[in-house]
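Reviewing the structure listed below.
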Amino acid sequence: MIAAAAVVIVTVIVTGILVARSDGSGPDTSTAAASSPPSSSVTQESAEEVDSEPTYAELGSDDFSIELQTTSRQCFGSAGCLLTVEPDLTLVGDSADIDPDVVYEITYEIAGDESGPVVATAELTNQEDLTFTPSRISTDSSSTDVTVEITQVDSHR
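First residue of the sequence shown: 25, per this note's numbering; consecutive thereafter.
So, in structure tokens, the structure goes:
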């Protein structure tokens, strides 16, 4: 009997609190709301707004490393060699730094050709697609060291 009376009392108290809150006569919560930290949904929205427009680094010649891949070699004894070489580019930093909407023109200079340096350009698009024309190099001898260096990186949309 005492247990039943306790249940009735608890029910009346809970119902009274709910009714008081629904009609606005409950305790004043404006002070508590003013001093409480911002809700997580507001913080998330702000973070999403910041993330909606990513910023990308400006890339320069130091942001790439380059090596030459020899795809064909024909040597003529002491008369030298004819080589076909292609650039093998590697991004030194994070690929997230590359703007997918920008075309990067990477100019490089190949040394070792008998008539002087050969300048060529490769284009990087969509963060990973590299387009280039293989270079033909004619060396003075089969022992000539062919080297490459990036000289400039330009970008445009």
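All residues carry an ideal CB built from backbone N, CA and C; glycine is no exception.
- Taking 8 Å as the upper bound for CB-CB distance, VAL127 and HIS180 are in contact here, some 6 Å apart.
- Cβ-Cβ separation between VAL170 and ILE130: approximately 18 Å, too far for a contact (criterion under 8 Å).
- Here the alpha carbon of VAL177 sits roughly 5 Å from the alpha carbon of GLY84.
- Nearest Cα to GLU138 within the set ILE161, THR155, GLU152: ILE161.
- Under the three-state reduction of DSSP output, SER139 falls in the coil class, being neither helix nor strand.
- In the structure shown, ALA81 adopts coil according to DSSP, grouped into three states.
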